[in-house]
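When you line the sequence shown up against this note's numbering, it's residues 543 to 660, in that order. Note that beta-carbon positions come from the ideal geometry of N, C-alpha and C, so glycine has one too. Given the structure is predicted, the values throughout are model-derived calculations rather than measurements.
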Amino acid sequence: MKLGCNPWSFHRSIKAGNIDQVGFIRKCADDLKLDGVELGFPFSYPDKDYIKKIKLLAFDEGLTIYALDASNNFGKTSEKERKREIEKVKEWLDIAYDLGAPILRIYSGWPEGDRDTL
């Protein structure tokens with residue numbers, strides 16, 4: 543069995559600015575001695591250079607990027623918003639490819655505002 547971690551486990555620390563993506567990856571490797579990480583929400587990937595940096599960091603730390611979380615919401619109320627979510631998933635699919643993540647996790651959806659209260 544191999545163990546990994548999703549950044550949602552640290553979402554309050556991330557939201558408070560106490561840990562960033564690099565810190566999360568290092569914590570998973572160095573402190574928690576895990577085999578892999580799921581990346582994505584709540585982190586962003588502004589450009590290809592940053593994606594390469596994150597992929598290399600995970601590799602250097604001995605971690606597999608086993609999945610990417612698109613954090614989409616197909617539960618949006620308008621068709622226009624749902625179409626934007628489809629485009630978002632397409633963008634995340636490209637990021638997953640660039641990171642070497644074999645899985646892109648997507649959501650069917652949730653009512654507006656519900657996830658923000660967690």
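Tell me where the beta strand (DSSP E) around Asp-611 begins and ends.
Working through the sequence shown from its first residue, we reach residue 611 at position 69. Element bounds for Asp-611: 606-611.
Cα-Cα separation, Asp-591 to Lys-569:
As a first step, residue 591 is located in the sequence shown; it is residue number 49 there, counting from the start. As a first step, residue 569 is located in the sequence shown; it is residue number 27 there, counting from the start. Near 22 Å, if we compare the C-alpha coordinates of Lys-569 and Asp-591.
Spatial neighbours of Asp-573 in its chain, beta-carbon cut-off 8 Å, leaving aside the 5 residues before and after
Walking along the sequence shown from the start, residue 573 turns up at place 31. Nothing meets the Cβ criterion.
Leu-646, DSSP secondary structure in three states:
Mapped onto the sequence shown, residue 646 falls at position 104. It is a strand residue.
Spatial neighbours of Trp-652 in its chain, beta-carbon cut-off 8 Å, leaving aside the 5 residues before and after
Numbered from 1 along the sequence shown, position 110 holds the residue referred to as residue 652. Result list for Trp-652: Asn-615, Gly-617, in chain order.
Helix, strand or coil for Gly-578? Go by DSSP, reduced to three states.
As a position in the sequence shown, residue 578 is number 36, starting the count at 1. Strand at Gly-578.
Rounded to the nearest angstrom, how far is the Cβ of Ser-613 from that of Gly-578, given a contact under 8 Å?
Position 71 of the sequence shown holds residue 613. Position 36 of the sequence shown holds residue 578. Incorrect: roughly 19 Å between the Cβ atoms, too far for contact.
What span of residues does the alpha helix (DSSP H) with Asp-602 cover, start to end?
Position 60 of the sequence shown, counted from the start, is the residue given in the question as residue 602. Note, Asp-602: alpha helix (DSSP H), 590-602.
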